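Just so you know, the working numbering puts 183 at position 181 of the sequence shown, and the rest follows in order with no gaps. What follows is a short report on a single structure.
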Amino acid sequence: MNWDEEKEKLGKEILGLLYDSNMIDTWYKSKPEGWILFSGLWSPLYINLRPLGSFPHILKKIGYALGRLIKEECENIDRLVGIASAGVPIATAITLENNIPMCYTRKLEGIKSITDFQDKISEYGQHNLVEGFFQEGDNIALVDDLVTKLDSKLIALEQLKSEAIKRKININCKTIIVILDREQGAEELAKKNRLKLNSLIPFNSKGIHWLKDKFSDIENEIINDYLINTEKYQEKDIQEKLRNRKF
């Protein structure tokens, strides 16, 4: 089995486990009003991987799968940085399965953009922006659960850079690793920022099809259309129709 085949097998299995453990939800299933994501986008689909620690068998499998991804797709990663809070247990799982050292970012309340971070960085004083030890010349990968528009990853990267400057250590961070990429523009933004985004599950092109038998017909129709035409679903009248199931 080559890596592409192995990766798809692992991704499909893990995605099914996430759905069966209620970490993937839809407006139709439980929340007619939908969700507002960190990126500010409205979504009929919500993927919440924060409860992963409650499912050790899934977390262990993710640690193995992302370790394989690092070996096959990333170059010479010396250290991981888990992005608070969902990325921390994932980075820990990779560390325990693959013996790669890890750190994690400090949770910054109220920070939604790079501008917010730059405006408030002085407020953190002597507090660490990243917990854990670096070494001179470390090649670091940021780790998180999923990605939509890259905002939180760019903030985490600024935290890492600022902490390295404070410690007077030279590091390199050009890699982001996530379980799931919603494929709503993050890869393009990563390239613009000279970053490489690596994901186990490309949700739009593959993941949604792996869940076809678990979703109802209307869930399949709306979610597939949403992933292609995201802006259309930011309109209040469309959201209202979905809320009232008038489609």
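We treat Cβ as the ideally placed atom computed from N, Cα and C, and that holds for glycine. In this text, all values refer to a predicted model and were calculated from it rather than measured experimentally.
Residue-level contact to chain C via CB, M25, 9 Å cutoff: No chain C appears in the structure shown, which is made up of a single protein chain.
Straight-line gap, S87 to L47 (C-alpha atoms, nearest Å): About 20 Å.
Other residues of its chain near L191: CB distance less than 6 Å, five sequence neighbours each side excluded: The answer, listed in chain order, is L152.
I92: first and last residue of the uninterrupted alpha helix (DSSP H) it sits in: Its alpha helix (DSSP H) spans residues G89 to N100.
Cβ contact (3+ pairs, closer than 8 Å) linking the segment 87-97 and the segment 49-60: Short answer: they touch.
Buried/exposed call for I38, threshold 16 Cβ in 10 Å: Exposed is the call here.
Any 3 or more C-beta pairs closer than 8 Å across the segment 175-195 and the segment 139-151: These segments touch.
Three CB pairs or more closer than 8 Å across the segment 5-25 and the segment 65-74: Contact between the segment 5-25 and the segment 65-74 is present, because at least three Cβ pairs lie under 8 Å.
Alpha helix (DSSP H) runs wholly inside the segment 120-185, at least 4 long, in chain order: The DSSP assignment places complete alpha helix (DSSP H) segments of no fewer than 4 residues inside the segment 120-185 at 153-169, in order along the chain.
Three-state secondary structure (DSSP) of Y30: The answer is coil: DSSP assigns Y30 none of H, G, I, E or B.
Which residues DSSP lists as bridging W44, in chain order: Paired residue(s): I38.
Whether N50 touches D22 by CB criterion (9 Å): If you check the CB distance, N50 and D22 do not come in under 9 Å.
Simplified DSSP state of R70, which is helix, strand or coil: Annotated three-state conformation of R70 is helix, per DSSP.
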